[in-house]
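Chains as they are written, first to last, in full-length UniProt numbering: chain A, 1 to 218; chain B, 1 to 218. Where a beta carbon is used, it is the ideal one built from N, C-alpha and C, also for glycine.
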DNA sequence: GCAATTTAGTAATATAAGTCACATAGAAAA
DNA sequence: TTTTCTATGTGACTTATATTACTAAATTGC
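Right under this line is the structure:
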């Protein structure tokens with residue numbers, strides 16, 4: 001990818017040397033919405049920087065039960081890939097393209113070189129660790145301290161913001177998977193929200209009231 | 001603290017320049033076992049490196065409910081303090097001295113200088129992020145995917161290893177706090193373990209069978 | 001020693017969530 | 001159109017955990 005395009009896609013990266021290096025050594029990969037990018041056990045060969053679209057990061061347990069952790073948005077990378085790469089350990093998480101997504105893959109050894117070479121890369125990595133840590137805490141708070149109804153409402157808000165819409169096109173089963181519960185539980189809780197007139201349910205779609213976020217915070 | 005003492009306490013740090021800097025700018029703080037070092041909302045003025053003893057890191061919710069995350073042992077530091085310091089945000093966690101503990105406090109601005117100045121400091125910070133991230137995943141797995149009985153058994157193993165003993169001197173209430181549940185639940189589950197002859201219960205003490213860890217993994 | 005406090009045991013009950021079973025509705029395929 | 005498949009709705013039931021209420025034992029302070 002050309003330096004000029006990268007400068008445009010990654011406005012936080014301004015160091016010309018770093019942009020040149022990214023352009024030279026980074027590989028473009030494209031994933032269609034829903035495509036599984038990495039699964040637990042797989043070895044990661046590069047640090048992925050999201051250029052377009054977004055990636056959903058999930059934790060899985062041994063029985064295949066899943067738990068949504070956070071989204072990676074344009075300009076961001078995954079702390080776990082940094083971790084896994086450095087330790088050359090297999091992936092601890094599942095990554096799925098949430099939309100059609102374009103990433104720039106940085107080879108591991110370049111990542112290590114650049115932390116010494118470019119202050120901006122070092123700061124980028126440090127910033128990544130910081131923000132992912134925060135998001136892990138949010139995910140932890142949810143499972144440790146919140147009931148499923150509240151977790152579901154927060155999930156809806158997160159997805160709404162991510163897709164910039166108040167129509168979610170998804171199934172109850174998929175929500176259940178990402179919250180690590182069963183479909184019946186989600187169907188019931190959604191029905192309760194519908195009874196309160198906060199959402200409307202259709203097949204494969206949930207219509208959400210514009211003031212949903214204010215409603216749930218009270 | 002003298003460079004020679006630090007070299008002895010922190011065998012992973014070998015760079016003479018870094019050791020000298022740590023000796024010059026680091027401040028020694030001592031905490032008695034049980035002393036609360038940081039609470040949520042408090043601002044952190046330094047990066048703490050454990051020299052002796054250990055520190056217990058807990059997450060708290062708004063109602064004061066707690067959840068044990070991990071221990072910091074000699075030679076380790078807290079990723080969250082790195083995060084909070086850099087972002088100058090208040091602490092997200094509670095830190096309590098698990099034993100009588102000695103820490104070396106590194107001023108924030110020195111931390112930032114040293115990441116550029118000393119490769120070994122940069123690696124130390126990076127390593128810290130990596131290992132804390134792993135431990136966050138372990139904590140997350142527990143609350144997301146495990147039942148309380150299994151969490152309790154793992155908790156017992158963690159404490160045993162930490163204190164290098166098979167006598168835990170603690171109360172049911174304290175265990176309940178750290179696992180984010182109620183005292184009655186812990187009393188009942190401990191009683192079940194006693195019935196299986198895996199532990200013996202006394203007042204303020206739990207005696208654990210030597211082969212406890214093998215027993216629970218089957 | 002005796003009263004007060006802390007710690008532990010436990011039964012009864014309540015609640016959130018998970019599971020099972022089955023009905024139905026809409027969409028897609030034949 | 002009819003069949004098939006997928007998604008949803010819902011009652012009945014189970015289970016794990018939380019809460020309430022109380023007792024008793026051990027320890028501490030007087």
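Return the Cβ separation of residue i and residue j in integer angstroms, given the expectation that the two are a contact with Cβ distance under 8 Å.
i	j	result
residue 95 (chain A)	residue 37 (chain A)	4 Å
residue 83 (chain B)	residue 120 (chain A)	That belief does not hold up - the Cβ atoms of residue 83 (chain B) and residue 120 (chain A) are roughly 19 Å apart, past 8 Å.
residue 69 (chain B)	residue 167 (chain B)	About 24 Å separates the two Cβ atoms, so there is no contact after all.
From the options, pick the residue whose C-alpha is nearest to that of residue i; which is it?
i	options	result
residue 220 (chain B)	B:9, B:172, B:109	Past the boundaries of the shown model lies residue 220 (chain B); chain B is included only from 1 to 218, so the question cannot be answered.
residue 46 (chain B)	B:166, B:89, B:169, B:211	B:89
residue 229 (chain A)	A:2, A:159, A:176, A:142	The question about residue 229 (chain A) has no answer, for chain A in this structure spans 1 to 218.
residue 179 (chain A)	A:165, A:144, A:201	A:144
residue 67 (chain B)	B:183, B:34, B:175	B:175
residue 118 (chain B)	B:6, B:169, B:14, B:10	B:14
residue 201 (chain A)	A:181, A:105, A:169	A:169
residue 77 (chain B)	B:34, B:12, B:63, B:35	B:12
residue 42 (chain B)	B:184, B:81, B:183	B:81
residue 49 (chain B)	B:161, B:25, B:147	B:25
residue 207 (chain B)	B:177, B:185, B:165	B:165
residue 64 (chain A)	A:195, A:181, A:203, A:186	A:181
residue 124 (chain B)	B:146, B:75, B:109	B:75
Using only the alpha-carbon positions, how far apart do residue i and residue j sit?
i	j	result
residue 214 (chain A)	residue 91 (chain A)	37 Å
residue 22 (chain B)	residue 126 (chain B)	18 Å
residue 61 (chain A)	residue 39 (chain A)	12 Å
residue 2 (chain B)	residue 71 (chain B)	26 Å
residue 44 (chain B)	residue 107 (chain B)	10 Å
residue 218 (chain B)	residue 156 (chain B)	16 Å
residue 133 (chain A)	residue 133 (chain B)	7 Å
residue 31 (chain B)	residue 163 (chain B)	17 Å
residue 211 (chain B)	residue 192 (chain B)	17 Å
residue 18 (chain B)	residue 28 (chain B)	16 Å
residue 194 (chain B)	residue 205 (chain B)	13 Å
residue 97 (chain B)	residue 34 (chain B)	5 Å
residue 58 (chain A)	residue 138 (chain B)	14 Å
residue 216 (chain A)	residue 209 (chain B)	49 Å
residue 234 (chain B)	residue 10 (chain B)	Because chain B is modelled from 1 through 218, residue 234 (chain B) falls outside the range shown and cannot be assessed.
residue 183 (chain A)	residue 141 (chain A)	22 Å
residue 6 (chain A)	residue 93 (chain B)	37 Å
residue 197 (chain B)	residue 146 (chain A)	35 Å
residue 186 (chain A)	residue 177 (chain A)	10 Å
residue 105 (chain B)	residue 203 (chain A)	57 Å
residue 20 (chain B)	residue 122 (chain A)	24 Å
residue 128 (chain B)	residue 8 (chain B)	20 Å
residue 16 (chain A)	residue 109 (chain A)	20 Å
residue 199 (chain A)	residue 161 (chain A)	16 Å
Please determine whether the Cβ atom of residue i lies at a distance below 7 Å from any heavy atom of the ligand MN.
i	result
residue 202 (chain B)	This structure lacks the ligand MN; in fact it carries no ligand of any kind.
Cβ contact check for the stretch 147 to 156 of chain A and the stretch 111 to 127 of chain A: 3 or more pairs under 8 Å: Of all C-beta pairs linking the stretch 147 to 156 of chain A to the stretch 111 to 127 of chain A, fewer than three are shorter than 8 Å, placing the two stretches out of contact.
Contact residues within the stretch 41 to 65 of chain A, judged by C-beta distance below 7 Å to chain B: Interface annotation for the stretch 41 to 65 of chain A against chain B: 59, 61, 65, criterion Cβ-Cβ distance under 7 Å.
Cβ pair count under 8 Å reaching 3, the stretch 93 to 111 of chain B against the stretch 45 to 59 of chain B: These segments touch.
Within 8 Å of chain B by C-beta, residues of the stretch 130 to 160 of chain A in sequence order: Those would be 130, 132, 133, 134, 136, 137, 139, 140, 141, 143, 144, 145, in chain order.
Residues in the stretch 175 to 193 of chain B having any Cβ partner in chain A nearer than 7 Å: From the stretch 175 to 193 of chain B, only 180 have a Cβ closer than 7 Å to chain A.
Contact list for the stretch 65 to 83 of chain B against chain A, Cβ threshold 9 Å: Across the stretch 65 to 83 of chain B, CB contacts with chain A closer than 9 Å involve 65, 67, 69, 79, 80, 82, 83, in sequence order along the chain.
Residues in the stretch 193 to 211 of chain A having any Cβ partner in chain B nearer than 9 Å: Residues: none.
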